[in-house]
Structure formats: structure tokens, C-alpha cells
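A.B. asks: Residue numbers (UniProt numbering): 1 to 152. Don't be surprised by glycine CBs; every beta carbon is placed ideally from N, CA and C. Quick caveat, the model's predicted, so the values are computed rather than measured.
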Amino acid sequence: MATPQQERLKIEQLQQVSADEIETIAGRERENLEGWIPALASEDEVRDALEKAFDYRGDITVTRKDGSKVEGYLYDRFNAPTLEASVIRIIPTPKPGNPTERVNVRYVDVAALQFTGRDTAAGKTFEAWVKKYWEKKAAGEKNIQIEPEKLD
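(1) If we count the other Cβ atoms within 10 Å of its Cβ and call it buried at 16 or more, is glycine 67 buried or exposed?
(2) Could you give the residue range of the alpha helix (DSSP H) that holds alanine 112?
(3) Nearest to glutamine 114 by CA position, among Gln5, Ile91 and Tyr56, is which residue?
(4) May I have the straight-line CA-CA distance separating aspartate 109 from threonine 116, to the nearest angstrom?
(5) Over the uninterrupted beta strand (DSSP E) stretch that includes lysine 65, give me the two end residues.
(6) My assumption, with CB atoms under 8 Å, is that arginine 77 sits in contact with isoleucine 88. Please give the rounded CB distance.
(7) Between which two residues does the alpha helix (DSSP H) containing arginine 57 stretch?
(8) Would you decide whether tyrosine 107 is buried or exposed? Buried here means 16 or more other CB atoms lie within 10 Å of its CB.
(9) At which residues does the beta strand (DSSP E) containing arginine 102 begin and terminate?
(10) Expressed to the nearest angstrom, what Euclidean distance is found between the alpha-carbon atoms of asparagine 32 and glutamate 7?
(11) Around the C-beta of isoleucine 90, are 16 or more other C-beta atoms found within 10 angstroms, so that it is buried, or is it exposed?
(12) For alanine 53, which residues of its own chain have a beta-carbon under 6 Å away from its beta-carbon, when the five flanking residues on both sides are left out?
(13) From this set, Asn104, Ala39, Gly72 and Leu40, which residue's C-alpha is nearest aspartate 119's C-alpha?
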């Protein structure tokens with residue numbers, strides 16, 4: 001349990017920090033990937049882009065080498081020693097009348113990748129939640145509950 005003095009000091013400390021600073025975790029750069037279309041010229045670029053797509057909390061669009069497209073959320077990947085054996089798994093964006101069966105795409109079949117959806121996790125770190133908590137506590141609120149924002 002924090003003392004009133006510790007709470008006041010924590011509030012003062014958090015008031016000096018911008019939301020962008022709170023959002024960035026030490027040791028990890030924050031990238032705005034929304035709308036990004038990476039170059040996939042080499043095996044390393046394919047692997048790097050698909051790894052970033054896995055960490056991204058929005059929809060992506062994958063264009064296969066046969067011209068077909070899959071738009072949805074990349075929820076899993078298997079990064080094997082070869083591109084032929086490596087696979088991404090996507091939950092397609094629901095469309096009226098079409099069932100949303102999960103789709104597997106081999107890395108070697110990816111011709112293009114685009115980060116098409118809004119990153120729903122941007123700015124929603126634990127530190128940002130704690131800052132809101134301390135601000136409400138400083139305002140004298142009791143029984144503080146920080147509710148998550150509704151997704152679109």
C-alpha cells in the first residue's frame with residue numbers, strides 16, 4: 001500500500017511524461033505500421049515483414065503469387081528454416097455471406113503484404129492504464145475501475 005506522499009510523487013512524475021513516452025517500452029521501438037507496404041525482395045525481408053505482421057494488432061492483406069488476396073488478422077506463424085516450410089495463419093475479415101475459415105499461407109507464396117487495418121493496441125499499454133488510475137485517484141475518486149476502450 002502506497003503512502004499519500006508516494007502517491008502524490010507518482011502522480012507528479014506521470015504528469016511530466018507524454019503519452020508517447022508511456023507507450024514506448026524500454027528496449028523496443030514503436031513503429032507505426034498502419035498502411036505500410038514492405039518490400040519483399042529477399043528472404044530476410046519476407047521474414048522480418050511477416051514477424052512485424054504477427055506483432056501487429058490490426059488486419060493485414062496478403063497477396064499471393066497466384067494473385068489471390070487474403071485480408072484478416074495474422075494470429076499465428078511457423079517460422080521454419082526454409083520459406084517453403086514456413087507458414088502464417090490468418091483469420092479472414094468477416095464478410096456477409098462468407099464463412100470465415102482460417103487460412104494458411106506459406107511464406108514462399110507471399111507476393112505482397114500490406115498493413116491495412118487500424119492497430120487496435122496502439123497507445124493501450126499498461127503504463128497508460130496506470131497513469132489513468134493515478135489521475136483518478138488524485139482527483140479523489142473511490143472504487144476506481146479503468147474500463148477498456150471499445151473496439152470499432
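C.D. replies: On the basis of the coordinates in this document:
(1) The count along the sequence shown starts at 1 and reaches residue 67 at position 67. With fewer than 16 other CB atoms across the displayed protein chains lying within 10 angstroms of its CB, glycine 67 is exposed.
(2) Walking along the sequence shown from the start, residue 112 turns up at place 112. It is not in any alpha helix (DSSP H) - alanine 112 instead sits in the beta strand (DSSP E) that spans 110–114.
(3) Locating residue 114 in the sequence shown gives position 114, counting from the first residue. Measuring from the Cα of glutamine 114, the nearest candidate turns out to be Tyr56.
(4) Taking the first residue of the sequence shown as position 1, residue 109 is located at position 109. Taking the first residue of the sequence shown as position 1, residue 116 is located at position 116. Each residue's Cα considered, the two are about 19 Å apart.
(5) By 1-based counting over the sequence shown, the position of residue 65 is 65. From DSSP, lysine 65 is part of no beta strand (DSSP E); its letter is neither H nor E.
(6) Taking the first residue of the sequence shown as position 1, residue 77 is located at position 77. Taking the first residue of the sequence shown as position 1, residue 88 is located at position 88. Yes, arginine 77 and isoleucine 88 are in contact; Cβ-Cβ is about 5 Å, under 8 Å.
(7) Looking up residue 57 in the sequence shown gives position 57. Arginine 57 -> no alpha helix (DSSP H), and no H or E assigned at all.
(8) Looking up residue 107 in the sequence shown gives position 107. Flag for tyrosine 107 reads buried.
(9) Counting from one through the sequence shown, the residue named residue 102 turns up at place 102. Per DSSP, arginine 102 belongs to no beta strand (DSSP E) and is neither H nor E.
(10) Along the sequence shown, one-based indexing puts residue 32 at 32. Along the sequence shown, one-based indexing puts residue 7 at 7. If you take the alpha carbons of asparagine 32 and glutamate 7, they lie about 33 Å apart.
(11) Taking the sequence shown and counting its residues from 1, the one referred to as residue 90 is at position 90. The residue in question, isoleucine 90, is buried, as its Cβ has 16 or more Cβ neighbours within 10 Å.
(12) Taking the first residue of the sequence shown as 1, we reach residue 53 at position 53. Taken in chain order, the residues that qualify are Ile60 and Leu74.
(13) Residue numbering aside, residue 119 sits at position 119 when the sequence shown is read from its first letter. For aspartate 119, the nearest C-alpha among the options comes from Gly72.
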